[in-house]
Each structure stands twice: as C-alpha cells, then as structure tokens.
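In this note's numbering, the protein residues as written are 201 to 666.
Working notes, structure below.
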Ligand code: MN
Ligand code: MN
C-alpha cells in the first residue's frame, strides 16, 4: 500500500481555498500563542458564527434544539463547542478533540533577580523540550497577572515590531570546549533558562536611602512593570506568564508549500477541528469540538482532559435539550465517536533511522491515523477498533479525503501519548488522528499546507457521516 503526495490532485479553485485557509490558520497561530489566547480566539470565531455561551443559557433556563450552536469555556483555558443534531443525544455525538497547550517556558512564582547588572526572570519549562533550542533566540512573554483584588492584567510583549523581545543567553563557541562535550540533555540545564529582561539601573532620586543602592537594574524593571501594568513584585505570585518564540508563523520553502511556526503541536489539529465545526451548520448527530489544556504534561488538572469538565458540560447540554438523566448521559458518551487529533511525527529523511518507512506519516499525504500510540509494547496506548477504522475508511474514501496510517517511530525507539485513552474510558470509539509535523516540540515546527486543507475536509466529513 502506498499513499501518494496529494499536492497535484487539486483544481485551481481548490488551491485558492487551500491558500486562504492556511492564511487563516497562520493568523490563528499568531493570535493564539497560549492556551488562554487560543480560547479567546475560538470564542470570537464561534460567536461570529452564531454560537452562544452555554453558561448563560443554563443560567437563564433556556431550551436548546436541533441546529442550535453553543460553546462552554473552562477556566479560560479549554473550550467545548457543540452543534445540536437532529437525532437524540443518547445516539452519541461526533467529537473532534485536540489540545491547545504547547511546550514552552513558564515564569516561576518568585522569578525576578539581578546578577552583575543584568535582571532576569527565572523559568520552569513546560512539556518536553530540548532545552538547548531555547537560547540565543528572540522570545516573547504572554499571559496574565492577577492582582490580589482580582484584577486581571493581560500581558503580551514581543510580538509587535515595535515591542522589545527577550532572550536566554548562550555561551560563545570560543569558550565552549567543555559545554560542547556534554550530553545534549545537559548542555543547557533547566535552572540556566533565565530570561534576560533588563540591564539598565534605575536613576537614584534624592533622599532615597542606602537600601536602594543595591539591585538598581531589578528596581528599574520593577518600576517599568509598575508603570505599564500597575504590578508589584509580589504580583508574580499570582501570574501565569509564558515564554514563547517571538514572531509570526511563516510560509516555508520557495514553493510556499509548508508552514514553519511555533505551537503547531497541537494547534494545527485544534484549528482544523475548529474550522470544521464552525463550517457545520447542521448534522444528524450532535457535533462537538473539544479543545483542551495540559496535554503536554499528562492531561492533568481542572483544565486537562482528565477533568470532569467535558462530562459535566454534556450533562448540562442534555438538560437544555430536555433529555437529561444519568443513563442518557452515559449512553450519549458511550455511543459517541471521536477523532482524537494530535500531531504525528512526520517522516524526516535526515533522521530516517528512527522511522519504519511503511508505517510512518508523511507531510503532504493528508490526515494521519494511528491505530495505537503509546510506546514499545503499546504501553499507554489507545488501540482503536478495526470495526471503527473500517467505518472511517468508508467515510474518508467517500468524501475523497486523503489519509494515511502511521505509528510514531520505530517500535523500540520511543513513543508518546495523547488524550485518546481518556475519552475511550467512556466506552466510545476513539482513534488517534492528526497531522504530521517535523521538528515536533522545537521552537518552530514544520507542517504541510496541503495537510491542513485535507484535515478540514476530513473533519467536516466525519461530523456529517460518522
Ligand atoms: Mn500534542
Ligand atoms: Mn506534544
């Protein structure tokens, strides 16, 4: 079985759509560099398409019926969107799931310090990163500072061309003899990921005491934070600030066939799933798109997939359509079908030795289905049923959507997990699907525009036909 490169199957009209879709995707990446920003974007896009906030509907005791479109936000970091179908919810939903958190550096709770006339913010990395990739590159700071009175201050520094950026310094090659002989995992150590934020001392004003003589660079940084954001040093305690690569998603290649950008794991699946449900006006089964946080650290916490948020939201939905009881909720979840989408390791000829060529995902060959993820003896895997895969083959073949099947690397080499197994616990049919990327978890990940286009078509077909 050989899957073909899909680029040359498109008509002129389709190519135009493909380009426009990818422009919208790049804009989503530029505006959604954190899970919070992705939720804000998703809400704005959904409201523009007539979606309403489920919380408000529940509070006002309103009813919902077929064709209604609603969304529910969980702690500003994850979101579920629904289009109510014409069939009862007990028949199950067609669910598209993806995650919107990405590997990054988080600012610690007590981060600010000065050393030798430099001011730094101490960081703690989030998710699996090669730490050495994060040095000597322009970085931006995104997130929120929540003050003691509850005021939320949004922070985004480093994206506008007039903004300053930040960086983590690296050792010059001339003096790096010892560093260069180290293992890559310790070339740059976690505690050395210090974000450089200033080097200019505060001007001493008259009448200020001895104490102020010390750490004037840090004092200058604090005075800027006070002036710009009204924040004190203590406010870092209740802040969520994320350090991410500065700058926009870019076309890659002379032929502009690829996208090089931060955070495509897993916003490439999140965006395409979202685009598909926003294009779905009605379907027999209720459509759902679930975009969650914390996948990169094990789907933990109130905003991760293991939280009850999704189940609770479905219960509220059932109540709003007048179908709620505990048994209906269980039936609805058990009868659902899901594409749990996350990026797959795209075959990279430069690193051919870690792939098994017949069972690898290739850029430009469409959506990728992983019967199982996990590692080695399929540990930690969700293993999709053959019957379900057969049904999906029918759907995608009928819709003319290109797809491939893949495993994440050679059997003994490594592996990875997704959110699939968590939803599978309800007894629903779930398969790991998604798009291949190269450079996964690096500061800039690489994807194919054709795959983005194919995914939206595939997800739309799934919502209609599964
Ligand atoms: Mn992922
Ligand atoms: Mn990941």
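Every residue gets a Cβ at the ideal spot worked out from N, C-alpha and C, and that includes glycine.
For clarity, every value in this text was computed on a predicted model and none was experimentally measured.
Quiz prompt | Cβ shell of residue 306 (< 8 Å), same chain only, five flanking positions each side left out | solution = 323, 324, 325, 326, 440, 441, 442, 443.
Quiz item: By how many angstroms is the C-alpha of residue 595 removed from the C-alpha of residue 661?
Solution: Going by the C-alpha atoms only, they are around 7 Å apart.
Quiz prompt | Pocket of ligand 1 (residues with CB nearer than 7 Å to any heavy atom), chain order | solution = Having a Cβ closer than 7 Å to some heavy atom of ligand 1 are 299, 465, 466, 495, 496, 542, 543, 618.
Quiz item: Cβ-heavy atom distance between residue 374 and ligand 4 below 7 Å?
Solution: Ligands in the displayed structure: ligand 1 and ligand 2; ligand 4 is not one of them.
Practice problem: Can you have a look at residue 301 and say buried or exposed, based on whether 16 or more other CB atoms are within 10 angstroms of its CB? | Solution: It counts as buried.
Quiz item: Hey, would you say the C-beta of residue 174 is under 7 Å away from at least one heavy atom of ligand 2?
Solution: As displayed, the chain neither begins before 201 nor continues past 666, which places residue 174 out of reach and without an answer.
Quiz item: Which partner residues of residue 293 appear in the DSSP bridge assignment?
Solution: Beta-bridge pairing links residue 293 to 486.
Practice problem: Could you give the DSSP three-state label for residue 451: helix, strand or coil? | Solution: Reduced to three states, the DSSP call for residue 451 is strand.
Self-check item: Exposure label - residue 565; buried when at least 16 CB within 10 Å
Solution: With 16 or more other Cβ atoms within 10 Å, it is buried.
Practice problem: Kindly examine ligand 2 and report whether one of its heavy atoms sits closer than 7 Å to the Cβ of residue 641. | Solution: Flag set: Cβ of residue 641 near ligand 2.
Quiz item: When you compare only the Cα positions, how much space is there between residue 655 and residue 524?
Solution: Spanning the two alpha carbons is a distance of roughly 33 Å.
Quiz prompt | Status (buried if at least 16 other CB within 10 Å, exposed otherwise) for residue 448 | solution = Classified as exposed, residue 448 has fewer than 16 neighbouring CB atoms from the shown chains inside 10 Å of its CB.
Quiz item: With a cut-off of 8 Å, do at least 3 Cβ pairs link the region 645 to 655 to the region 452 to 463?
Solution: With three or more CB-CB distances shorter than 8 Å, the region 645 to 655 counts as touching the region 452 to 463.
Quiz item: Is DSSP giving residue 476 helix, strand or coil here?
Solution: Secondary structure of residue 476 (DSSP, three-state): helix.
Practice problem: Using the Cα positions of residue 578 and residue 354, report the straight-line distance between them to the nearest angstrom. | Solution: Looking at the two C-alpha atoms, the distance is approximately 42 Å.
Exercise. May I ask you to list the residues that DSSP assigns as paired with residue 458?
Key: Beta bridge pairing from DSSP links residue 458 with 452, 648.
Quiz item: So residue 359 and residue 446 are in contact, right, with Cβ under 8 Å, and what is the actual spacing, rounded?
Solution: The Cβ separation is near 6 Å, so the contact holds.
Exercise. Return yes when the Cβ of residue 312 is within less than 8 Å of the Cβ of residue 496, no when it is not.
Key: It is not a contact, given that the beta carbons lie outside the stated cut-off.
Practice problem: Could you tell me the distance, in whole angstroms, from the CA atom of residue 318 to the CA atom of residue 469? | Solution: Rounded to whole angstroms, residue 318 to residue 469 spans 40 Å at the Cα level.
Quiz prompt | Residue interval of the beta strand (DSSP E) (run including residue 346) | solution = That run of the beta strand (DSSP E) goes 339 to 346.
Quiz item: Exposed or buried, which one is residue 418 when buried takes at least 16 other CB atoms within 10 Å?
Solution: Per the 10 Å Cβ criterion, buried.
Quiz item: Out of 268, 321, 356, which has the shortest C-alpha to C-alpha gap to residue 398?
Solution: When each option's Cα is compared against that of residue 398, the closest is 321.
Quiz item: Measuring CA to CA, which of 337, 611, 632 is closest to residue 621?
Solution: That would be 632, whose Cα lies nearest to the Cα of residue 621.
Practice problem: Compare the Cα-Cα distances from residue 451 to each of 390, 413, 219 and report the closest residue. | Solution: Out of 390, 413, 219, the CA that lies nearest to the CA of residue 451 is found in 219.
Quiz item: Considering residue 537, what are the terminal residues of the beta strand (DSSP E) in which it resides?
Solution: From DSSP, the beta strand (DSSP E) with residue 537 extends over 537 to 541.
Quiz prompt | Close-in-space but distant-in-sequence residues of the same chain around residue 378 (CB under 8 Å, 5 per side omitted) | solution = Nothing listed; no residue qualifies.
Practice problem: Along the alpha helix (DSSP H) that carries residue 259, what are the first and last residues, could you check? | Solution: Note, residue 259: alpha helix (DSSP H), 254 to 259.
Quiz prompt | Sheet register partners of residue 319 (DSSP bridge) | solution = In the DSSP assignment, the residues bridged to residue 319 are 314, 398.
Practice problem: Would you kindly check if the distance between the Cβ of residue 203 and the Cβ of residue 562 is under 8 Å? | Solution: Result yes, Cβ atoms of residue 562 and residue 203 sit closer than 8 Å.
Exercise. With residue 671 as the anchor, note down where its alpha helix (DSSP H) starts and where it stops.
Key: A query on residue 671 cannot be resolved here, the shown segment of the chain reaching from 201 to 666 and no further.
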